[in-house]
Amino acid sequence: MPKPEQIHIQRHMSNEELEEKIKTEKDARILKRLYFIKYRYERESVKVASQRVGITRNEGYIWQKRWNEKGYIGLIPRFAGGRPPKLSDE
Numbered sequence: 060m061p062k063p064e065q066i067h068i069q070r071h072m073s074n075e076e077l078e079e080k081i082k083t084e085k086d087a088r089i090l091k092r093l094y095f096i097k098y099r100y101e102r103e104s105v106k107v108a109s110q111r112v113g114i115t116r117n118e119g120y121i122w123q124k125r126w127n128e129k130g131y132i133g134l135i136p137r138f139a140g141g142r143p144p145k146l147s148d149e
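Letter by letter, the sequence shown follows residues 60 to 149 of the numbering used here.
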């Protein structure tokens, strides 16, 4: 018997609204995250939902935390600009 989830998924939108977001989403990264949330809505564990979208369980917990805190906005990737170049402008 699977053990219950430690952290529950917040339902920021209904299943129907989530399905509509999945149908209209253009960004592949966000779409992958929406599918993860969909699987969590369907009571899949973080481990199983993460495996289904091809990410680590740790990444799944990060996505779920962002979803629980900010909803859809939390799923938008946050790029910090990356590593600065080693070469100067000269």
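Built from N, CA and C at the ideal position, the CB exists for glycine as well.
Query	Result
Backbone secondary structure at Leu146 - three-state DSSP	coil
Same chain, Cβ closer than 8 angstroms to Ser73, five either side skipped, listed in chain order	none
Sub-8 angstroms separation of Tyr98 and Arg116 beta-carbons	no
Reference Arg121, options Ala87, Leu90, Phe95, closest by Cα	The amino acid occupying residue 121 in the given sequence is Ile; Arg does not appear at that position. When each option's Cα is compared against that of Ile121, the closest is Phe95.
Inter-stretch contact (C-beta, 8 angstroms, three-pair minimum) for the segment 73 to 93 and the segment 133 to 147	yes
Candidates His67, Tyr100, Gln65, Glu128, of which the one nearest Glu78 by Cα	Tyr100
DSSP three-state assignment for Lys129, whether helix, strand or coil	helix
Beta-carbon contacts of Gly130 that lie in its chain and below 8 angstroms, excluding the five residues immediately before and after	Gln69, His71, Met72
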